[in-house]
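6 is the number that numbering that gives the first Met the number 0 gives to position 7 of the sequence shown; each next residue is one higher, with no gaps.
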Amino acid sequence: MTIATLGGVTIGLAILTATLIRWWPGLKSLQTNPLGSAAGLLPFLGGWAYGALAILSLAGIVGWIADGVLWISNWLGDVAIVWGVGGTTGPAGRATYQPLTGTGVALMVILTVAVIVAAKKSTRGRDIKAGAWCGICLGTSAGVAGAAAVPLAQAVNWAGGALYGAVG
């Protein structure tokens, strides 16, 4: 499993910032229709949740792709920090994580199919893909987003157990 560097987390936060700026409906719209306005973020948040889970997938194609995305994001972000603004970089991730159980991994297969189809068929595919990339970058971070990945993994493990316990 690849751990996020300061550069990788910076890329994830940059994606989040760009998405929030594109989404911003204006203060008046938020005051008159807060739920309707906030609903515009749901595709991004769904993609983020999937990305955070994907980076916790330690093996298989999904885990390999997520590790590759995090590796290139770390590299791009580190280059931007070191060469772009003259800073230094280092690890910004956690050494511990919440692994997915057998039924949690099985549910990840279903979620992978759902995310691929939704990103391909939805008019909000760009937001779903950006959310997944952001989730991969922030899912192992030491901050709030990384901490959110742990209960998310626990929820998927529970849901997988409940689904497959009900089926089997």
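All residues carry an ideal CB built from backbone N, CA and C; glycine is no exception.
Only a predicted model underlies this, so the values are computations on that prediction, with no experimental measurement involved.
Bounds of any alpha helix (DSSP H) do not take in arginine 123, whose DSSP letter is neither H nor E.
Taking 8 Å as the cut-off, the beta carbon of tyrosine 49 is found no closer than this to the beta carbon of glycine 103. Glycine 67 sits away from alanine 131, with the two beta carbons spaced by 8 Å or more. Rounded to whole angstroms, the Cβ separation of leucine 52 and leucine 110 is 7 Å, and the two are in contact under 8 Å. Sequence-distant Cβ neighbours of alanine 118 in its own chain, meaning closer than 6 Å and more than five residues away, are Gly124, Ile127 and Lys128. In this chain, the alpha helix (DSSP H) harbouring threonine 16 covers 5 to 22. Using a 10 angstroms sphere on the CB of proline 42, the tally of other CB atoms reaches 16 or more, which defines it as buried.
By the CB criterion at 8 Å, alanine 91 and alanine 3 fall inside the cutoff. Using a Cβ-Cβ distance cut-off of 8 Å, the region 4 to 16 and the region 136 to 149 are in contact, since at least three pairs of beta carbons, one from each stretch, lie closer than that value.
In this structure, the alpha-carbon of threonine 122 lies about 26 Å from that of isoleucine 60. With contacts defined by Cβ atoms closer than 8 Å, threonine 18 and leucine 69 do not form a contacting pair. Boundaries of the alpha helix (DSSP H) harbouring valine 78: 59 to 78, taken from the DSSP string. Uninterrupted alpha helix (DSSP H) stretches at least 4 residues long and entirely within the region 107 to 151 occur at 124 to 137, given in chain order. Take the alpha-carbon of isoleucine 20 and the one of alanine 141: they are about 24 Å apart. Nearest to proline 150 by alpha-carbon distance, out of Leu99, Pro33, Leu75 and Ala65, is Leu99.
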